[in-house]
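Asks:
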Amino acid sequence: MADAASAPKDPETIRREDYRPPAWFIPEVELDFDLDLTRTLVRSKLDVRRSKSAEAGEPLVLQGDDITPASVKVDGAVRNDWTLVEGDLVLPLTGAAHSVEIEVELDPSTNTQLMGLYGSNDMLCTQCEAQGFRRITFAPDRPDVLSRYRVRMEADKAKFPILLCNGDKVAEGDGENGRHWVQWNDPWPKPSYLFALVAGDLVANSDNFTTRSGKPVELNIWVRDGDLDRTNHAMQALKDSMHWDEETYGREYDLGLFNIVAVSDFNMGAMENKGLNIFNSRYILADPEVATDADFDGIEGVVAHEYFHNWSGNRVTCRDWFQLSLKEGFTVYRDQSFSADMGSAALKRIEDVRILRAAQFPEDAGPLAHPIRPESYQEISNFYTATVYNKGAEVIRMMATLMGPDRFRNGTDLYFDRHDGEAATCEDFVVAMEAGGEIDLTQFRKWYETPGTPRVSAKLSHDPQTGSATVHLTQKIAQNGEKPAASELLIPLRTALLDPETGVHGGEQLLLLDQPEKSFVLEGYKDHPILSINRGFSAPIILESNQTAEELAFLSAHDDDPFARFEAMQQLMTGYLTAKVSGTPVDRDIILLAVAKILADPTLDPAFLAEIILLPSEAFLGDQMVEVDPQAIHDEREKLRGKIGLQFEKQFRKLYKSCAPTEFSLDAEARAKRKLRNVALGYLAASFTENAAETAFDQYREANNMTAMQGALGVLSHLEADERSIAFEDFYKRFKSNPLVLDKWFSLQVMSMRTDTLKRVDGLSRHPDFNMANPNRVRALYGAFTGNQVRFHDPSGKGYQMVADMVIALDKQNPQTAARFIPSLGRWRRYERGRSELMRLALEKIAAQPGLSKDVAEQVFKSLA
Ligand code: BES
Ligand code: ZN
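Heads up, the sequence shown is in this note's numbering, so the first residue is 523 and it goes up one at a time.
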């Protein structure tokens, strides 16, 4: 028995090629909820229609997960001839159309997975994507079955005064014994994953929006009493998004009501349920006292993202979960473009590429690599990945680059027109883009099926006699840890050749690398030009160029493409640091000179300045090395940081003073100052010239906003000074009743490079405010810690053990969130031998646990394979 229990089950693998259309359609769904925290009754009435393509006599199979039917009726008559097969309800039916009624009883208070119907604080809410609806009632829980929903909700009026669901509220009334009810109709057919309801004691920030065609829309953001004054930024973001989608994609909202609800216990960021978006409260609540500038941006981006799904996801949905990037990749591209338009496009691009490189490139180079349209999965929750999302967005961006804005818009117009009301595929999208955008994407399609990051080598040669410059390009991809081999993707590379004296160029070219190897000859260059390639990061590739440090320094000072300028500086610093770590002699002065030029450039936007003088992260540096030694990387990086701080002490002091805060504002200039001031403080602290503890402590005490406070605490967290503990204690006292700010308190401490950080992680995991049931708190502690390269990778292996033990404990209550921690250990093959072995052992320990969830099992066994 013990053996059988501990042996990993052979989990079922779902394959893209096995897709079959549904045997039954459900045009209408009626749901009746009798809601309570510990006992909820769900009555459903499904109008089932046999599909023409179904085999005769095929029974009706309705998915269920952890539920049992209390009663089943067909056409009004009680039936007992149903069976439960691996949780699913199998019901023999003879005719082509029936009415099926099912009753299910739930206890939302025990639902710790936060999938299906669950309690959060004193409210009830749902999360159905991808397969949570089957935890509420039996249904064909697949995205290609679209139904019109009519929902009646009933509950105790005092406990749950607000009852929300998808669509429009059509009736309401009071019942007996203090109960009340609301009837909701959603006119738009939708898949079950977009179903949602919320019941609770909530208050709304209400506003309205008139669509371009003149239709009024009521907007509500629902929160708990007391949080109302923190919803204005989210409301503004919502109205901006609605306007932007009309202007940019011609898409209007299609209901009279749009509700958003903020909940504290949520596995993800937010969810696009039709007419009733449900948000992790961290992506709604903000005011300057509790939210950083980055938090404000996060809210704007996530509100936009979920709103944009109303078209890219809801009106046109996915046929099956292999098509996830159809809605997620496209919608990430849309929210990125929106944020670029709302603020600085240059900074947004830098940030998006940083995320891609931090999250997606390592995934693509590791054991969990998959194409943006995966071929198979065991647990779909594991495929909401940086690849599907962020690389997916890059693929859409490349299409936009290839077509130009007008043809891209024609393509998306055709896509929305053609597939409105349908469950579509990635292929449908590409076909529509080809027709609408007048382009042949035959070769481009390879991006949908190819895992791995292409490596493009670029070499420039010049003939002074003829004045021709030749760009030689090759492309390769490494797969399954093998050596890179020639590849044949269509890679659009925005390119310019800069005059070596002035840095000026005569216009950008779009080079299309569509073969393993290709050369482009460009005429009219008297002198050997400087190559600026993959400008704006036009393709998600790793560039291998033989550019010298001098050329990179030149680009960092002169390139007119802001991303390319930033990138040149990053490459310059990366080249230096990786050489130092591997013991290769290398010149540092050229970096100091480049930084000096940047600091002396009066034309630079201060926010861009703050960005471009930052060193590449320890994780990014590790990704560039054959074998990662986190301590060596950390030491070299800190040395360079200290040297830059020392060398430019005067400048940083001046910047620190000139960026001193005035009255709080969210405008670009005020934000840029806050950002630059924190960067200057970081360098001053790194140089040890300044009494950093004192300066940071003063900044903490005087701060009138969370960006300055967090910046100060970030610096203090690394120091041995008394000011550190005083500030952290003060912060705790001040904010202990605000969970979102307390999350920062947890994170900041475990991001410290101090050697006692491991002990602190252990201590904080026992802190009375630590709570495994709250995903935000778990991520605040362990997510921040696994990102702390030098301390998570402590050579003792204690960091790995703590994370493994947490995963084992969390898996029992919330598998989806537990599984998200596996990749940090899963990269074990990339580290030097000692750490590598200890990481593997931590994975083995998880793998040996009896009763692992499908979520964790898939990630662990794939990582060890
Ligand atoms: N549809 C997802 C939410 C989701 C993800 C539900 C995974 C179930 C499983 C939503 O649109 C989304 O993508 N949210 C992101 C934030 C977004 C800005 C990228 C998230 O929750 O992280
Ligand atoms: Zn999404």
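Beta carbons are placed, not taken as given, at the ideal position from N, Cα and C, and that holds for glycine.
Smallest Cα separation from A784: which of A881, N836, A726, K796?
Replies: A726
Asks: I'd like to know whether the C-beta atoms of M921 and G959 end up nearer to each other than 9 Å.
Replies: Contact: yes.
Asks: Shorter than 8 Å, the distance from the beta carbon of N1388 to the closest heavy atom of ligand 1, or not?
Replies: Residue 1388 is absent from the structure shown; the chain starts at 523 and stops at 1387.
Asks: Have a look at D1145, D1189, V1283 and flag the residue whose alpha-carbon is nearest the alpha-carbon of E885.
Replies: D1145
Asks: How would you call T1100, buried or exposed, if buried means at least 16 neighbouring beta carbons within 10 angstroms?
Replies: Burial call: buried.
Asks: So, using beta-carbon positions, are W703 and Y671 closer together than 9 Å?
Replies: no
Asks: Under DSSP, the beta strand (DSSP E) around D554 begins and ends at which residues?
Replies: Unbroken beta strand (DSSP E) run through D554: 546-556.
Asks: So, does the region 603-611 touch the region 565-579, judging by three or more C-beta pairs under 8 Å?
Replies: The region 603-611 is not in contact with the region 565-579.
Asks: Pull up the distance between the alpha-carbon of E1380 and that of F1174, whole angstroms please.
Replies: 49 Å
Asks: Tell me the rounded alpha-carbon separation between L741 and G697.
Replies: 28 Å
Asks: Would you mind giving the Cβ-Cβ distance between A1208 and G1164, rounded to the nearest angstrom? I have them listed as a contact below 8 Å.
Replies: Contact between A1208 and G1164 holds: CB atoms are separated by about 5 Å, below the 8 Å threshold.
Asks: State the DSSP-derived secondary structure class of A1018, mapped to helix, strand or coil.
Replies: strand
Asks: Do you know how far the Cα of S1385 is from the Cα of A1243?
Replies: 41 Å
Asks: Could you compute how far the alpha carbon of P630 sits from the alpha carbon of Y771?
Replies: 40 Å
Asks: Could you check if K870 is buried or exposed, using at least 16 other CB atoms within 10 Å of its CB as the buried criterion?
Replies: Buried, because 16 or more other Cβ atoms sit within 10 Å of the Cβ of K870.
Asks: L1012 and D1036 look like a contact to me (Cβ under 8 Å); what is the Cβ gap, rounded to whole Å?
Replies: Right, the Cβ-Cβ distance comes to about 5 Å (below 8 Å), so this counts as a contact.
Asks: Touching or not, the region 1324-1339 and the region 1364-1380, by the rule of three or more beta carbon pairs under 8 Å?
Replies: yes
Asks: Given the structure, does H827 come close to ligand 4, in the sense that its CB is under 8 Å from one of the ligand's heavy atoms?
Replies: Ligands present in the displayed structure are limited to ligand 1 and ligand 2, and ligand 4 is not among them.
Asks: Could you pull out every unbroken beta strand (DSSP E) segment of at least 3 residues lying fully inside the region 565-621, listed in chain order?
Replies: 582-584, 591-596, 605-607, 610-613
Asks: If I follow the unbroken alpha helix (DSSP H) through H1080, where does it start and stop?
Replies: 1071-1080
Asks: Within the continuous beta strand (DSSP E) that includes A922, where are the two ends?
Replies: Not the beta strand (DSSP E): A922 falls in the alpha helix (DSSP H), residues 914-925.
Asks: Please list the terminal residues of the continuous alpha helix (DSSP H) segment that includes Y1178.
Replies: 1171-1180
Asks: Any idea what DSSP makes of V978, helix, strand or coil?
Replies: V978: strand per DSSP, three-state reduction.
Asks: Who are the Cβ neighbours of V952 in its own chain at under 7 Å, not counting the five residues just before and after it?
Replies: L963, R967
Asks: Name the DSSP bridge partner or partners of T839?
Replies: A945
Asks: What's the call for M523, buried or exposed, on a 16-neighbour Cβ count within 10 Å?
Replies: Per-residue confidence for M523 stands at a pLDDT of 33, beneath the threshold of 50, marking its modelled position as unreliable; no derived number is given.
Asks: Taking 9 Å as the cut-off, decide whether the C-beta atoms of S1060 and P1038 are in contact.
Replies: Taking the C-beta atoms as reference points, P1038 is found no nearer than 9 Å to S1060.
Asks: What's the C-alpha gap between H1080 and W969?
Replies: 33 Å
Asks: Comparing C-alpha positions only, which one of V1263, G748, N1213 sits nearest to R1246?
Replies: Looking only at V1263, G748, N1213, the smallest Cα-Cα distance to R1246 is reached by N1213.
Asks: Considering only residues of the region 1188-1268, which uninterrupted alpha helix (DSSP H) runs meet the minimum length of 4 residues and lie entirely inside it, listed in chain order?
Replies: 1190-1209, 1214-1224, 1228-1238, 1244-1257
Asks: Give the list of continuous beta strand (DSSP E) stretches no shorter than 3 residues that lie fully inside the region 738-774.
Replies: Within the region 738-774, the runs of beta strand (DSSP E) at least 3 residues long that lie entirely inside it are, in chain order, 738-745.
Asks: Going by the DSSP bridge assignment, what does M645 pair with across the sheet?
Replies: S642
Asks: What residue from I782, L611, V612, H620 has the CA that sits closest to A599's CA?
Replies: H620
Asks: Roughly how many angstroms separate the alpha carbons of F1253 and E811, rounded to a whole number?
Replies: Here the alpha carbons of E811 and F1253 stand approximately 12 Å from one another.
Asks: Run the CB neighbour count on E1224, radius 10 Å, all protein chains shown included, and call it buried at 16 or more, exposed below.
Replies: exposed
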